[in-house]
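Report on the following structure.
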Amino acid sequence: MRISSEDDRDREALRTVGVEEELLLVDPRTGRPAPAVELVLAAAASADVAALVPEAAQITHLERESKREQLEVISIPHTTLDDLVQSVAAGRKLADVAAQQLGLRAAAMATSATAGTTHLTVAGRYTDMEDRFQNLMREQLTCGLHVHVGVSDDSEGVAVLDRIRPWLPLVLALSANSPMWNGADSGYASQRYQVWSRWPTAGPYDTFGSPANYHRAVDELLATDVLVDDGMIYFDARLSARYPTIEVRVADVCLDAAHSVAIAGIIRALVDTAAHEWRAGFSPDPLPTPVLRLAMWSASRHGVTGPLLNPILGQPSDPDVAVDALLAHIAPALAASGDLGRVTAMIEDVFANGTGAERQRRALRSRRSARALVEEAIERTHRSIGPTSTVRDPLPI
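All residue numbers for the sequence shown refer to the numbering used here, where the first residue is 289 and numbers rise by one.
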């Protein structure tokens with residue numbers, strides 16, 4: 289798409305971008321998830337941990353998720369990826385230092401490397417979800433990367449949702465970081481997406497055309513009384529109910545903090561490009577949702593090691609060709625925000641060294657145990673963050 293000078297002026301005010309990373313809490317001695325989120329959050333709020341991670345104050349915070357074996361690290365919104373990477377790094381460090389007070393670690397793994405029972409967080413809506421969805425909720429322990437990008441209003445937000453949908457499989461493919469399930473290789477690059485897709489509203493969505501149609505679709509889903517609340521609108525991307533943002537929910541949490549930030553940069557560029565297409569009068573790609581669902585399946589199955597849907601051609605391509613099409617599509621937006629180099633470097637790293645899923649598989653093959661795989665994942669999670677406190681012996685949990 290040709291970017292006009294008016295487009296360039298519009299881009300001078302960069303959109304905000306923020307991320308939510310879900311991390312596993314693991315016992316480094318066994319590699320098993322540890323149901324300790326309440327204790328970890330209490331440690332994170334202590335003066336001792338605050339003194340060890342002063343950089344986390346004001347730019348990130350931790351929250352509980354549906355399971356006690358995980359937590360969510362939430363960055364404040366930023367306009368530059370340089371600032372965002374500081375928040376992501378500080379949030380990971382805060383989670384890990386707090387976990388270390390209990391002899392545990394925080395790992396950026398989108399599924400556990402070991403099998404085991406999960407434990408529900410004590411919260412009303414999660415209890416309601418387990419009562420209603422039974423084994424689906426009991427088996428749910430996955431960690432995603434959710435990216436919020438600022439939009440001016442619902443009209444722009446829905447226009448963006450309609451136009452980014454064909455590109456979301458490539459975002460999933462680049463982020464894939466969950467090969468393991470129930471202690472064995474699942475055969476998928478993103479088993480998380482397969483597990484997540486079992487929820488009734490999860491996955492690709494139809495184009496909406498207007499905010500009225502979007503909200504009508506949500507209201508119709510809620511009127512079925514299947515869902516506990518509107519927080520269960522699990523579309524691959526959706527309007528935020530709390531903030532003037534769209535939220536893209538397809539990505540696995542990435543092993544490397546730099547990759548999470550680059551994925552956020554890709555998503556912001558997709559939003560920026562889609563908004564300009566809308567203003568220029570370009571219609572969204574009418575890709576049928578069943579075809580898009582298959583494209584998401586391929587991305588979940590292969591990551592970047594197999595064919596991926598190329599939205600420009602409307603058919604599968606070699607993964608490097610499909611990702612090149614993505615990069616060409618968003619390059620003007622990336623260049624305008626100063627993010628082209630960071631995103632290109634991440635893509636080159638993925639094709640040279642593999643996604644998180646491929647790295648996990650190599651670790652499992654070379655070190656021959658799930659515990660060793662988790663050790664390596666912990667090291668990569670915090671590689672760029674710097675030294676942390678000494679790990680204590682685990683407390684009884």
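Virtual Cβ for every residue (Gly too), placed ideally from N, Cα, C.
Here the structure is a predicted model, which is why all the values come from computation and not from measurement.
On the criterion of 16 or more Cβ atoms from any shown chain inside 10 Å, does residue i qualify as buried, or is it exposed?
i: Ala539; result: buried
i: Ser400; result: buried
i: Arg671; result: exposed
i: Arg530; result: exposed
i: Ala640; result: exposed
i: Asn598; result: buried
i: Gly432; result: buried
i: Phe570; result: exposed
i: Asp507; result: exposed
i: Val514; result: exposed
i: Asp544; result: buried
i: Glu636; result: exposed
i: Thr686; result: No statement about residue 686 is possible, as the shown extent of the chain runs from 289 to 685 and does not include it.
Just to confirm before moving on: does the CB-CB distance between residue i and residue j stay below 9 Å?
i: Ile618; j: Ala563; result: no
i: Tyr476; j: Ser548; result: no
i: Leu615; j: Pro454; result: no
i: Thr489; j: Glu310; result: no
i: Glu343; j: Lys381; result: yes
i: Ala378; j: Glu357; result: no
i: Glu308; j: Val410; result: no
i: Gln648; j: Glu663; result: no
i: Pro572; j: Asp450; result: yes
i: Val439; j: Val305; result: no
i: Ser474; j: Met397; result: no
i: Leu462; j: Ser625; result: no
i: Asp253; j: Gly553; result: Nothing about residue 253 can be read from this structure; the chain reaches only from 289 to 685.
i: Ala464; j: Ala645; result: yes
i: Thr405; j: Gln428; result: no
For residue i, which residues from the same chain have a beta carbon less than 8 Å from its beta carbon, with the 5 sequence-adjacent residues on both sides left out?
i: Pro682; result: Confidence in Pro682 is poor, its pLDDT being 46 and thus under 50, which makes the residue's placement unreliable; the coordinate value appears in the next sentence. Taken in chain order, the residues that qualify are Asp315, Arg317, Ala322, Leu390, Gly391, Leu392.
i: Val446; result: Phe496, Gly497, Ser498, Pro499, Asn501, Tyr502, Leu527
i: Glu667; result: none
i: Gly629; result: none
i: Leu460; result: Ser478, Tyr481, Val538, Ala539, Asp540, Met584, Ala587, Ser588
i: Gln603; result: Leu597
i: Thr577; result: Pro492, Tyr493, Asp494
Would you please verify whether the beta carbon of residue i is less than 9 Å from any beta carbon of chain D?
i: Ala378; result: Absent from the structure is chain D; it holds one protein chain and no more.
What is the C-beta distance between residue i and residue j, in whole angstroms, given that I count them as a contact (C-beta under 8 Å)?
i: Thr669; j: Ala395; result: 5 Å
i: Val638; j: Ile551; result: That pair is no contact at about 10 Å.
i: Thr348; j: Leu302; result: Rounded, the Cβ-Cβ distance is 20 Å, inconsistent with contact.
i: Ile362; j: Glu351; result: 6 Å
i: Pro457; j: Ala621; result: Not quite, the Cβ-Cβ distance comes to about 19 Å (not below 8 Å), so this is no contact.
i: Val592; j: Val611; result: 7 Å
Which residues in the same chain have their Cβ closer than 6 Å to the Cβ of residue i, if we skip the five residues on either side of it in sequence?
i: Val536; result: Val435, Ala525, Ile555
i: Thr402; result: Gly319, Arg320, Gly471, Ala658
i: Val262; result: Because the chain in this structure spans residues 289 to 685, residue 262 falls outside the shown range and cannot be described.
i: Ala613; result: Asn598, Ile600
i: Ser605; result: Asn598
Please work out which residues of its chain come closer than 7 Å, Cβ to Cβ, to residue i, disregarding the five sequence neighbours upstream and downstream, and give them in chain order.
i: Asp517; result: Arg413
i: Met425; result: Met417, Glu418
i: Ile387; result: Residue 387 is actually Ala in this sequence, not Ile. Answer for Ala387: Leu313, Val328, Arg393, Ala394, listed in chain order.
i: Arg504; result: none
i: Ser375; result: Ile347, Thr348, Ser363, Ile364, His366
i: Trp469; result: Thr399, Gln479
i: Arg420; result: Val516
query = Counting pairs of Cβ atoms below 8 Å between the region 513-524 and the region 481-498, do you hit three or more?
reply = Touching, yes, given that three or more Cβ pairs across the two stretches are closer than 8 Å.
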